[in-house]
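Respectively, the protein sequence lines represent chains A and B. Under the numbering used here, the letters of the first sequence match residues 1 to 557, in that order. Under the numbering used here, the letters of the second sequence match residues 1 to 557, in that order.
Number of protein chains: 2
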Amino acid sequence: MPHPLLDKHRSTLDGALRTIKTRGYWSAYSEMPSPKAYGETAAEDGKRAFEAHLGNHFELHQAGQTGWRGTETSPYGIELNVQYPACDVPALVAAAQAAMPAWQAVGVDGRTGICLEILDRLNKQSFEMAHAVMMTSGQGWMMAFQAGGPHAQERGLEAVAYAYREMSFIPERSLWEKPQGKHPALVMEKHFQVVGRGVGVVVGCATFPTWNSYPGLFAALATGNPVILKPHSSVVLPAAITVRTIRQVLTENGLNPDLVALCVPASHEATQALVAHPDVRSIDYTGSTHFGRWLIDNCRQAQVYAELAGVNPIVIDSTDAYQAMLRNLAFTLSLYSGQMCTTSQAILIPASGIHTDEGDKSFEQVGSDLASAITRFLAKPEVAHAVLGAIQSDNTLRRIEQAGAGAMGQVVLAPQSLTNPDFPKARVRTPVLVSCPAADESHYMHEQFGPISFLIKVADTTAAIALAERIVRTQGALTAGIYSTDTAVLDAMTQATWRVQVALSINLTGGVFVNQSAAFSDFHGTGGNPAANASYADSAFVANRFRVVQRRAHPSA
Amino acid sequence: MPHPLLDKHRSTLDGALRTIKTRGYWSAYSEMPSPKAYGETAAEDGKRAFEAHLGNHFELHQAGQTGWRGTETSPYGIELNVQYPACDVPALVAAAQAAMPAWQAVGVDGRTGICLEILDRLNKQSFEMAHAVMMTSGQGWMMAFQAGGPHAQERGLEAVAYAYREMSFIPERSLWEKPQGKHPALVMEKHFQVVGRGVGVVVGCATFPTWNSYPGLFAALATGNPVILKPHSSVVLPAAITVRTIRQVLTENGLNPDLVALCVPASHEATQALVAHPDVRSIDYTGSTHFGRWLIDNCRQAQVYAELAGVNPIVIDSTDAYQAMLRNLAFTLSLYSGQMCTTSQAILIPASGIHTDEGDKSFEQVGSDLASAITRFLAKPEVAHAVLGAIQSDNTLRRIEQAGAGAMGQVVLAPQSLTNPDFPKARVRTPVLVSCPAADESHYMHEQFGPISFLIKVADTTAAIALAERIVRTQGALTAGIYSTDTAVLDAMTQATWRVQVALSINLTGGVFVNQSAAFSDFHGTGGNPAANASYADSAFVANRFRVVQRRAHPSA
Numbered sequence: 001m002p003h004p005l006l007d008k009h010r011s012t013l014d015g016a017l018r019t020i021k022t023r024g025y026w027s028a029y030s031e032m033p034s035p036k037a038y039g040e041t042a043a044e045d046g047k048r049a050f051e052a053h054l055g056n057h058f059e060l061h062q063a064g065q066t067g068w069r070g071t072e073t074s075p076y077g078i079e080l081n082v083q084y085p086a087c088d089v090p091a092l093v094a095a096a097q098a099a100m101p102a103w104q105a106v107g108v109d110g111r112t113g114i115c116l117e118i119l120d121r122l123n124k125q126s127f128e129m130a131h132a133v134m135m136t137s138g139q140g141w142m143m144a145f146q147a148g149g150p151h152a153q154e155r156g157l158e159a160v161a162y163a164y165r166e167m168s169f170i171p172e173r174s175l176w177e178k179p180q181g182k183h184p185a186l187v188m189e190k191h192f193q194v195v196g197r198g199v200g201v202v203v204g205c206a207t208f209p210t211w212n213s214y215p216g217l218f219a220a221l222a223t224g225n226p227v228i229l230k231p232h233s234s235v236v237l238p239a240a241i242t243v244r245t246i247r248q249v250l251t252e253n254g255l256n257p258d259l260v261a262l263c264v265p266a267s268h269e270a271t272q273a274l275v276a277h278p279d280v281r282s283i284d285y286t287g288s289t290h291f292g293r294w295l296i297d298n299c300r301q302a303q304v305y306a307e308l309a310g311v312n313p314i315v316i317d318s319t320d321a322y323q324a325m326l327r328n329l330a331f332t333l334s335l336y337s338g339q340m341c342t343t344s345q346a347i348l349i350p351a352s353g354i355h356t357d358e359g360d361k362s363f364e365q366v367g368s369d370l371a372s373a374i375t376r377f378l379a380k381p382e383v384a385h386a387v388l389g390a391i392q393s394d395n396t397l398r399r400i401e402q403a404g405a406g407a408m409g410q411v412v413l414a415p416q417s418l419t420n421p422d423f424p425k426a427r428v429r430t431p432v433l434v435s436c437p438a439a440d441e442s443h444y445m446h447e448q449f450g451p452i453s454f455l456i457k458v459a460d461t462t463a464a465i466a467l468a469e470r471i472v473r474t475q476g477a478l479t480a481g482i483y484s485t486d487t488a489v490l491d492a493m494t495q496a497t498w499r500v501q502v503a504l505s506i507n508l509t510g511g512v513f514v515n516q517s518a519a520f521s522d523f524h525g526t527g528g529n530p531a532a533n534a535s536y537a538d539s540a541f542v543a544n545r546f547r548v549v550q551r552r553a554h555p556s557a
Numbered sequence: 001m002p003h004p005l006l007d008k009h010r011s012t013l014d015g016a017l018r019t020i021k022t023r024g025y026w027s028a029y030s031e032m033p034s035p036k037a038y039g040e041t042a043a044e045d046g047k048r049a050f051e052a053h054l055g056n057h058f059e060l061h062q063a064g065q066t067g068w069r070g071t072e073t074s075p076y077g078i079e080l081n082v083q084y085p086a087c088d089v090p091a092l093v094a095a096a097q098a099a100m101p102a103w104q105a106v107g108v109d110g111r112t113g114i115c116l117e118i119l120d121r122l123n124k125q126s127f128e129m130a131h132a133v134m135m136t137s138g139q140g141w142m143m144a145f146q147a148g149g150p151h152a153q154e155r156g157l158e159a160v161a162y163a164y165r166e167m168s169f170i171p172e173r174s175l176w177e178k179p180q181g182k183h184p185a186l187v188m189e190k191h192f193q194v195v196g197r198g199v200g201v202v203v204g205c206a207t208f209p210t211w212n213s214y215p216g217l218f219a220a221l222a223t224g225n226p227v228i229l230k231p232h233s234s235v236v237l238p239a240a241i242t243v244r245t246i247r248q249v250l251t252e253n254g255l256n257p258d259l260v261a262l263c264v265p266a267s268h269e270a271t272q273a274l275v276a277h278p279d280v281r282s283i284d285y286t287g288s289t290h291f292g293r294w295l296i297d298n299c300r301q302a303q304v305y306a307e308l309a310g311v312n313p314i315v316i317d318s319t320d321a322y323q324a325m326l327r328n329l330a331f332t333l334s335l336y337s338g339q340m341c342t343t344s345q346a347i348l349i350p351a352s353g354i355h356t357d358e359g360d361k362s363f364e365q366v367g368s369d370l371a372s373a374i375t376r377f378l379a380k381p382e383v384a385h386a387v388l389g390a391i392q393s394d395n396t397l398r399r400i401e402q403a404g405a406g407a408m409g410q411v412v413l414a415p416q417s418l419t420n421p422d423f424p425k426a427r428v429r430t431p432v433l434v435s436c437p438a439a440d441e442s443h444y445m446h447e448q449f450g451p452i453s454f455l456i457k458v459a460d461t462t463a464a465i466a467l468a469e470r471i472v473r474t475q476g477a478l479t480a481g482i483y484s485t486d487t488a489v490l491d492a493m494t495q496a497t498w499r500v501q502v503a504l505s506i507n508l509t510g511g512v513f514v515n516q517s518a519a520f521s522d523f524h525g526t527g528g529n530p531a532a533n534a535s536y537a538d539s540a541f542v543a544n545r546f547r548v549v550q551r552r553a554h555p556s557a
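Structure representation (structure tokens):
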């Protein structure tokens, strides 16, 4: 008998299962923050729910609580002062593990149904979540709503769909009858149990606290594992809201809420103790390559799914839509001040310039036209603030300053500080463009996170493709782009991306951007270059999070 | 258009795809070495083909050949003297990699069809392979035919089916149309390319040179990767025959045969150089935990699928078929002189004895009855030699001697040397049974590979289950067994196997044995305890051997 929550959300699951196979467009949760989709009072209710957290204790009733801890500062400069449960790490892990057998007993259908219910409830909280994501990560409002809410939920749903598909292949029971010629057949009755691997830890990042955490969270949960969410110390509230909702749904379904917990460690050492705990069997991580490598090297008891730093290249060979190309790039480089793991950093342009529908453009001209396009795009303050958001970290602020001071090459577009009238203390910066010859690898051949992009002068298009390939091979990349009107060039770039395993966007001149990926259709990361060892989401992302334990016996007479 | 070889073997693939889902009985290749299945002359042809290898150079026309190398000695004491190509490791890897793009271009259907053709051709060589496996591994004839031939081929087919299923989920192309309200939809045309990860190395073991190698070989190959087979230095011929056949089929299909190569390294250091080569991206390994750990620790550039040592436990609580239980165990402990990674090593029996249909039996009585059952089973020399085969390695011989001399506990059944009339120099030993209290962990708490089993006296059934669980948790196990007439005991054991993730066989008293697993139905290993980090086969075994590289563009008008 299917679980009632699986019945309730069956059409959502079916939509996801259908679309991960066809990879066309499909959406489960409305990306428009409209009363029609979310209800007349949703916007106001969500704002109030967010404001109710400020200055308060965020009660979760977790195991091993020893006190309260608050560590957030808002890039928008507002006071947050939320206090979260400070919990003893071994107690959290033990409580999570104690909740695991009952979660296993719920079975594949039950776990899937409950995950779908959780996602549905999170969706209804999208406004509350949007404020939480915006005020902690520095995203602009619309991005915070979309990427923090429905798009993150869809990445979670996608992981649930992959997990469900793989687990559904395992029959609960089979009858094995092997003919023995004239003798009676050998008959065995076999049972197959899907078993989670153990506690999963999801380590969140400071820029996309839900979008980058939900795939691992829901993949681990759906496959039978407890999960401890360890958010970035400066971006906790979105994870806390998520954990509270999950614990509520678990409780409503008669399950032990300790299956999912929030961990806000006191120190980096406490974080290391959490991830290295022998009962932690999977770690989903988004963040610096430094700590990611530490996890892979030191947490050998666990499978590590890691999204690390990268340098995303774009090759510009030629275009038949010069202005549209510039507008597209200007948006990409400005969105959330380039604080996306998918933002292009290395823009490779032949020294001799490019052919366009507006005639030939020199290397320098392309740079200055792109600078103008960015300036034009951000000319209206309301557009600028909506698109740029605020700078999340001090390190990014410092990098912008250094790049603006010419430390990374010749400044083509200097960064500007803007004042956000709604949030006077917000730290807002416009993008920096610098230019350098391909030989100056020390500038661009490692991630410069934030709104810093390099116009790199290469000998010709062939050299540009070769450099793009080497960048991806050595530094990793989540996205690559090319502009060309020449099929042979597009083919050469395509083959380069096959070799180094990076997704390619070709001649984007409209409303799709290289730094955006759509759930169910675009794989986020290939898992095949240094920027990530896994993809959101594919079968490999879920299949090793559970194991199958069989038992067999001759059927009783 | 489907590939002609996929068409040719479609029903075989369909059978495999159906059965990995239902997990009932199905067979693709006949396990009976009969003229009806294999042709009137197959037995004689196969024998001659095997004999033609002896004393000769095994020509493969591989890249980087520098000479010849022969390292085998037969456990049956016959002269082999086969010389294999000695090849430069970097040259082999470079040649394999050069063959990869064309293999990728064949596509999912083409690769699957060619893998199915290879398996079909290997199946037709089953007699030749049986002699090669028998004379190198020491298996008895029937096991060498079945496990070396059709059963190994079916494990390979199973891997192909899993790979095909996962790759088939990836559409070659999709149209993504996102509605934009009153504006025209955003439309992207997307292409998805399945790309192998790079050179796979398959490191074979000395006891099951094909059965344990074909899953990794075919999983890697089907998913688009070149493969280098590195057989155990004393068991090369089965791998060489396999490689020659694969290279023939590749050539017939217009492909570069260097995609698959045999590597017979000059030294352990040369093997290490092979597996640590930066272009090697997957390693399938069966063998000692020592080298397996080395691979996992040192070959960080590759994914390692490892089957390592283990200690397989059986709990005897009670039985309603005492004689049948003893016969079943006697066969399990005797088969191939216990040189199977699935043979039971630790037999846990309550100190107070067990209830049976023949009345209560003391701990000592069970031990002596099992010893008698083994002696009875092996009483006829022709049965003994067919079942026992020969001892593969000097180390195993030494362990048998030590156990027989009482170094591992009280000897309940002493090993005997037998003389095989057909192979007077064969080294044949009957099983050793020793008995010890549970406290003597130094004896049994690590793998004692070969025909050495421990009757372990535990306080009671609860303690037996707890000890079995601890054995699996700390030492790993591929199989576990229990005999009990008590449902509560079976439930407790079942739950223990869920916790430590090991397959359980319950009350085996007929023609199915704890150490045997059937392709398509039984998972071999769970991948969830120290005996193996992967299972033959499941989705996790294939899904991370390829990546998907997408490209997207607005459709041309």
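For every residue, glycine included, the Cβ atom is placed at its ideal position computed from N, Cα and C.
Quiz item: When you compare only the Cα positions, how much space is there between P555(B) and E166(B)?
Solution: 27 Å
Quiz prompt | CA nearest to the CA of G450(B), picked from A496(B), Q180(B), T207(B) | solution = T207(B)
Quiz item: How is the alpha helix (DSSP H) around L413(B) delimited, first residue to last?
Solution: Not the alpha helix (DSSP H): L413(B) falls in the beta strand (DSSP E), residues 410 to 413.
Quiz item: Beta carbon of G292(B), beta carbon of G140(B): below 7 Å?
Solution: no
Exercise. Drop a sphere of 10 angstroms on the beta-carbon of Q495(A), count the other beta-carbons inside from all chains shown, and report buried for 16 or more, exposed for fewer.
Key: exposed
Practice problem: Spell out the partners DSSP gives T286(A) in its beta bridges. | Solution: E307(A)
Exercise. Assign S372(B) to buried or exposed, taking buried as 16 or more other Cβ atoms, counted over all protein chains shown, within 10 Å of its Cβ.
Key: exposed
Quiz item: Apart from the five residues on each side of it in sequence, which residues of its chain come closer than 7 Å, Cβ to Cβ, to S362(B)?
Solution: G353
Quiz item: What residues in the segment 161 to 184 of chain A bring their beta carbon closer than 7 Å to a beta carbon of chain B?
Solution: E166, F169, P171, S174, L175, W176, E177, K178
Self-check item: Coil, strand or helix - F562(B) by DSSP
Solution: The requested residue 562(B) is not part of the displayed model; chain B covers only 1 to 557.
Exercise. Thinking G310(A) and G476(A) are a contact (beta carbons under 8 Å), I'd like their distance in whole angstroms, please.
Key: 4 Å
Quiz item: If you check the beta carbons only, do F377(A) and F513(A) fall under 7 Å apart?
Solution: no
Self-check item: Given 8 Å, three or more beta-carbon pairs between the segment 280 to 287 of chain B and the segment 193 to 204 of chain B
Solution: yes
Quiz prompt | For A56(B), the nearest candidate out of I400(B), C299(B), V82(B), V472(B) (CA to CA) | solution = Per the sequence shown, the amino acid found at residue 56(B) is Asn instead of Ala. Out of I400(B), C299(B), V82(B), V472(B), V82(B) has the C-alpha closest to the C-alpha of N56(B).
Quiz item: DSSP three-state call for E177(B): helix, strand or coil?
Solution: strand
Quiz item: Among A91(B), W294(B), E358(B), which one has its Cα closest to the Cα of V260(B)?
Solution: A91(B)
Quiz item: Which residues of chain A have a Cβ atom closer than 9 Å to the Cβ of N507(B), listed in chain order?
Solution: A553, H554
Quiz item: For chain B, is any of its Cβ atoms less than 7 Å away from the one on S539(A)?
Solution: yes
Practice problem: Measure from the C-beta of Q345(A) to each C-beta in chain B and report whether the shortest distance is under 7 Å. | Solution: no
Quiz item: Can you give, in chain order, each stretch of the alpha helix (DSSP H) that sits fully within the segment 384 to 431 of chain B and has at least 4 residues?
Solution: 394 to 404
Self-check item: Environment of Q180(B) [buried if 16+ CB atoms lie within 10 Å]
Solution: exposed
Quiz item: Can the beta-carbon of L433(B) be found less than 7 Å from the beta-carbon of S453(B)?
Solution: yes
Quiz prompt | Own chain residues within Cβ distance below 8 Å of S288(B), not counting five before or after | solution = L308, A309
Quiz prompt | Beta-carbon separation (whole angstroms), L116(B) vs V160(B), contact threshold 8 Å | solution = 7 Å
Quiz item: What residue range is occupied by the uninterrupted beta strand (DSSP E) comprising V106(B)?
Solution: Looking at the DSSP string, V106(B) is not in any beta strand (DSSP E), and its letter there is neither H nor E.
Quiz item: If we count Cβ pairs, one from each stretch, closer than 8 Å, do we get three or more for the segment 474 to 489 of chain B versus the segment 541 to 548 of chain B?
Solution: no
Quiz item: With 16 as the cutoff for other CB atoms within 10 Å, does I78(B) come out buried or exposed?
Solution: exposed
Practice problem: Spatial neighbours of A324(B) within its chain, please: CB distance less than 8 Å, with the 5 preceding and 5 following residues excluded, ordered by chain position. | Solution: T509, G510
Self-check item: Rounded C-alpha distance that separates P75(A) from Q392(A)
Solution: 5 Å
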